[in-house]
Ligand code: C5P
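Numbering (the working numbering), first residue to last: 8 to 237.
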C-alpha cells in the first residue's frame, strides 16, 4: 500500500464549550469530522483511512462517515494530539510507504492538497501544507512586554495535511515517546524535525482554517456553503 491517512479527531473541544467531543459537533448539518473524512476517503491517493476518535465514541464516529473508496478503521485516541497520532500509526499496516496526517478540525481541506503534499516530499522525509504569516509576529515576556519582533520573512504557519515517509514518522514518534516529549509536540513535522528529518512546506493559499471557537463554526459553514454552491 502506498499511502494511508490518519484523521486525528479525538480532541475534547473544551474551547468550543459544546458539551460533546468537537469532532462530533454539528457543522453544516453533519458532524465536523465527516467533512475532512469525505475528502480523504475519496482521494485517489489514499488507500486507507484511520480515524482516531474520542474514546468511547467509536460507533458515533463510524456512523458519521460517508461513502468512500478507502478502507476505513476507527481507533480510540489518546491524551494529546501526538499521542492520538501514535495510536493511529499502530493501525497502519507495515509496508505502507507514506502516512498523511490531517486534523478533523480542518473541514475545508482542498482535495488537491493531498497529492500536493505527497509530491512535495520528493527526496525529503515529509511535506506539510503551510501559509506565510500575514500578521507581524511579536515575542513577549511574562509581563506581556514585547522583547522582539522577528521578521516575517522565512516564517510560515503549519497546517495539515502533513505527509511523511511512514518509517520516518514511526521513528520520530518512538523517539519523542522515549524522551517523554510526545505530548509537547503540536504537529507531526516537529516530531520528524526532532530526529533530523527533512520536511518541506507546500504553500496553501486556499481556506484551511482550524475550527476552534463557536465563531469559527459559523465561518466554516459559510465557506463550505460557498464551495458547494460553486
Ligand atoms: O487541540 P488541537 O487544536 O491541536 O487539535 C488538533 C487536532 O488534533 C483536532 O482535530 C483534534 O481532534 C485532534 N486531537 C486528538 N487527540 C487529542 C487532542 C487533539 O486527536 N488528545
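Just so it is clear, CB atoms sit at the ideal spot from N, CA and C, and this is done for glycine as well.
Contact under 7 Å by Cβ, residue i with residue j
i, j, result
"residue 52", "residue 125", "yes"
"residue 213", "residue 117", "yes"
"residue 58", "residue 68", "yes"
"residue 198", "residue 179", "yes"
"residue 91", "residue 17", "yes"
"residue 94", "residue 82", "yes"
"residue 40", "residue 141", "no"
"residue 228", "residue 26", "no"
"residue 162", "residue 89", "no"
"residue 113", "residue 217", "yes"
For residue i, three-class secondary structure by DSSP
i, result
"residue 221", "helix"
"residue 172", "strand"
"residue 244", "Since the displayed the chain opens at 8 and closes at 237, residue 244 lies outside it and no answer follows."
"residue 95", "helix"
"residue 32", "coil"
"residue 177", "helix"
"residue 122", "helix"
"residue 39", "helix"
"residue 8", "coil"
"residue 27", "coil"
"residue 104", "coil"
"residue 66", "helix"
Close-in-space but distant-in-sequence residues of the same chain around residue i (CB under 6 Å, 5 per side omitted)
i, result
"residue 153", "145 and 147"
"residue 157", "144"
"residue 176", "106"
Pairwise C-alpha distance: residue j and residue i
i, j, result
"residue 209", "residue 136", "5 Å"
"residue 211", "residue 183", "28 Å"
"residue 186", "residue 192", "12 Å"
"residue 155", "residue 149", "13 Å"
"residue 234", "residue 42", "12 Å"
"residue 171", "residue 225", "32 Å"
7 Å CB neighbourhood of residue i in its chain, flanking five on each side removed
i, result
"residue 102", "8"
"residue 230", "115 and 214"
"residue 76", "48 and 49"
"residue 66", "none"
"residue 205", "131 and 132"
"residue 195", "92, 108, 169, 171 and 176"
DSSP beta-bridge partners of residue i
i, result
"residue 147", "153"
"residue 109", "14"
"residue 133", "171 and 206"
"residue 83", "60"
"residue 139", "163"
"residue 216", "Answer is none; residue 216 lacks a bridge partner."
"residue 55", "11 and 78"
Other residues of its chain near residue i: CB distance less than 8 Å, five sequence neighbours each side excluded
i, result
"residue 168", "12, 107, 108, 109, 116, 120, 121, 124, 135 and 136"
"residue 207", "127, 128, 129, 131, 133, 134 and 135"
is_contact[residue i, chain D] using C-beta, thresh 7 Å
i, result
"residue 19", "This model lacks chain D altogether; it includes just one protein chain."
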